[in-house]
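In mature numbering (1 follows the signal peptide of the UniProt record, and there is no 0), the protein residues as written are -27 to -1, 1 to 266. For each residue, glycine too, the CB sits at the ideal point set by N, CA and C. Predicted model, so just to flag it, every value in this text is computed and none were measured. Input: a single structure, listed below in structure tokens.
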């Protein structure tokens, strides 16, 4: 071999070595977190931007998963469904677990312990609901006398979903999807275009305060979701792929460690009336932290 050939071979060996060394030995895998514009779950603008309880728990989880690179995408619930069904590398920090969703999502151990969904009404409408503090949603829908708002593709917990899907019709349900879904429904309630809507207690208080109608709004417990704690729990969901299964395993380790912390509990608790904190903490310890698989 000539001297020039040896030099050329040496050059190629060095060049390949430099190229290989410039590539990361183990590039981070990525997680894209799907969010919806739905305060106080996620708050994307205004005074409390980034302080929604799902914002804060996403922060805690991502801080404790440094082996992944993280990004966030704001999209409608329908878009969320599409991303999951396509098997993309996406997760959502807090979804109800339903048989339909389990077909294309892996779920973690519970990530949130929230009070169950309620019926939200204007106080002036209370006589139309029999002045009841608790009622069967089934009875309201079967009467076909009142119009209830529900989010398109939104779950309110397995038991409420079953009632809505069985008894909901175009005559008694107004379904809607779009930006600021909850705010849209509250504006319709204020304008007397709905008799009631389904949502979470903290959601009701947040939006009513935002619109300056907190003293005009009240909530009624829904009997169908009072007897099962599953209505109080939501979960991290990732695409039902091998990637998603591995990510959920990693997330479960974070949840086991972080859920008992005051910071984690406070993410949701801060949106409750202070008078309910003591009762919530007792249930948090007794019910939520006991579910570890």
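>> Once DSSP output is grouped into helix, strand and coil, what is the label at residue 95?
In response: strand
>> Applying the 10 Å Cβ sphere with the 16-neighbour rule, what's the burial state of residue -10?
In response: At residue -10, the pLDDT of 43 sits below 50, so the modelled position is not reliable; the number obtained from the coordinates is stated separately. Counting Cβ neighbours within 10 Å, residue -10 comes out exposed, since fewer than 16 surround it.
> Among 26, 220, 171, which residue has its Cα nearest to the Cα of residue 91?
Replying inline: 171
> Are there 16 or more other CB atoms within 10 angstroms of the CB of residue -6, so buried, or fewer, so exposed?
Replying inline: Note on residue -6: pLDDT 43, under 50, position unreliable in the model; the coordinate value appears next. Label assigned to residue -6: exposed.
>> Quick check on DSSP: helix, strand or coil for residue 237?
In response: helix
> Should the region 113 to 123 be regarded as contacting the region 50 to 63, the criterion being three or more beta carbon pairs within less than 8 angstroms?
Replying inline: no
>> Against chain B, does residue 229 count as a neighbour if the rule is that its beta carbon must be under 8 angstroms from one of theirs?
In response: Of the chains in the structure shown, none is chain B; there is only one protein chain.
> How is residue 17 classed by DSSP in three states: helix, strand or coil?
Replying inline: coil
> For residue -1, which option in 28, 6, 41, 101 has the closest C-alpha, if you only look at C-alpha atoms?
Replying inline: 41
> From what residue to what residue does the beta strand (DSSP E) around residue 46 run?
Replying inline: 41 to 47
> Ends of the beta strand (DSSP E) at residue 217?
Replying inline: No beta strand (DSSP E) holds residue 217; the alpha helix (DSSP H) holding it covers 215 to 231.
>> Can you tell me whether residue 192 is helix, strand or coil according to DSSP?
In response: strand
> Is it right to say residue 127 is buried, meaning 16 or more other beta carbons lie within 10 angstroms of its own, or is it exposed?
Replying inline: buried
> From 5, 220, 245, 254, pick the residue whose C-alpha is nearest to that of residue 234; which is it?
Replying inline: 254
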